[in-house]
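Visitor:
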Amino acid sequence: MSRMPELLLKLKHVPEDEYHDVIDILDSENLEYYETNAGFWGLGLAGVWLRDKDQYDQAVQLLDVYYQTRQQSAQEEYRLSKEQGTQRTLWSTFMEQPGYFVLYLSIIVGLLALTISPFLALI
2 MSRMPELLLK LKHVPEDEYH DVIDILDSEN LEYYETNAGF WGLGLAGVWL RDKDQYDQAV
62 QLLDVYYQTR QQSAQEEYRL SKEQGTQRTL WSTFMEQPGY FVLYLSIIVG LLALTISPFL
122 ALI
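For the sequence shown, the positions run 2 to 124 when this note's numbering is used.
1) Measure how close the beta-carbons of K11 and A47 come, nearest whole angstrom, since I'm counting them as under 8 Å.
2) Any contact of the region 63-71 with the region 13-30, i.e. 3+ C-beta pairs under 8 Å?
3) From the DSSP output, which residues share a beta bridge with E36?
4) On the three-state DSSP scale, how would you describe L8?
5) Spatial neighbours of E7 within its chain, please: C-beta separation below 7 Å, excluding the five flanking residues on both sides.
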């Protein structure tokens with residue numbers, strides 16, 4: 002029996018619900034795991050590690066099924082929001098928060114103007 006740990010999931014940019022789902026799957030299958038964090042300066046690797054490398058194939062198969070299901074539900078939600086007209090668009094963003102939209106647009110235009118102004122002086 003090999004007891005060497007194996008990295009199963011990097012936790013950087015993982016949504017909270019996905020993290021909890023993965024932990025629930027590992028707990029329900031009695032797979033031994035531990036978690037590491039990135040540390041105070043963020044230099045470490047935040048992840049979920051399997052304690053026993055021999056369980057890695059089983060865990061990957063379980064997570065493959067989970068991620069396929071998650072992908073299908075996300076695609077279904079996207080399709081439904083598109084059909085119902087509730088999908089977020091540039092116009093809907095403007096309508097929700099016109100002040101922020103104009104502010105961000107002004108910042109972008111200002112940065113572009115500052116960036117290209119030296120080149121316009123040469124013309």
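For each residue, glycine too, the CB sits at the ideal point set by N, CA and C.
Guide: Well, looking at it:
1) Here residue 11 refers to the residue found at position 10 of the sequence shown. Here residue 47 refers to the residue found at position 46 of the sequence shown. In this structure, K11 and A47 form a Cβ contact; the two beta carbons are roughly 7 Å apart against a cut-off of 8 Å.
2) yes
3) The count along the sequence shown starts at 1 and reaches residue 36 at position 35. V49.
4) Here residue 8 is taken as the residue at index 7 of the sequence shown, counted from 1. Strand at L8.
5) On the sequence shown, position 6 is the one that residue 7 refers to. Cβ within range, chain order: W50, L51, K54 and Y57.
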